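Heads up, the sequence shown is in our numbering, so the first residue is 654 and it goes up one at a time. These notes concern the structure reproduced below.
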Amino acid sequence: MINPKFKVIGKQIRMIQLGYIPAGNYVKSNSAIHWDGKTETGEQVSSGTYFYQLQTGNYTETRKMVVLK
Numbered sequence: 654m655i656n657p658k659f660k661v662i663g664k665q666i667r668m669i670q671l672g673y674i675p676a677g678n679y680v681k682s683n684s685a686i687h688w689d690g691k692t693e694t695g696e697q698v699s700s701g702t703y704f705y706q707l708q709t710g711n712y713t714e715t716r717k718m719v720v721l722k
């Protein structure tokens with residue numbers, strides 16, 4: 654499973670790769686995909702609109718999220 658995050662300007666700020674995870678309902682943070690709001694270099698992102706993309710096998714979904722501080 655791959656989950657890159659993008660700023661509105663299109664710059665990728667972080668990619669999270671968890672490898673193979675079977676289909677299911679994951680709600681605990683130690684087993685679900687979650688983002689700590691930091692870039693690849695560990696910097697906290699600023700408030701704003703971000704896009705995330707979920708890729709699994711032949712399925713890709715892109716959605717929007719808002720970070721408020």
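Ideal Cβ positions, reconstructed from N, Cα and C, are used throughout, including at glycine. Computed from a prediction, not measured in an experiment: that's the story for all the values here.
Length of the line joining the Cα atoms of residue i and residue j
| i | j | result |
| --- | --- | --- |
| TRP688 | ILE662 | 19 angstroms |
| TYR673 | ASN711 | 14 angstroms |
| GLU693 | LYS664 | 12 angstroms |
| GLY677 | GLN706 | 18 angstroms |
Among the options, the one whose alpha carbon lies nearest that of residue i
| i | options | result |
| --- | --- | --- |
| ARG667 | LYS681, TYR712 and GLY695 | GLY695 |
| THR709 | LYS664, ASN683 and GLN670 | GLN670 |
| GLY701 | PRO675, GLY677 and LYS722 | LYS722 |
Beta-bridge pairing of residue i - partner residues as DSSP gives them
| i | result |
| --- | --- |
| LYS681 | According to DSSP, LYS681 bridges with nothing at all. |
| LYS717 | PHE704 |
| THR709 | TYR712 |
| LYS691 | GLN697 |
Cutoff 8 angstroms; reference residue i; Cβ partners in own chain excluding five residues on either side
| i | result |
| --- | --- |
| LYS691 | ARG667, GLN697 and VAL698 |
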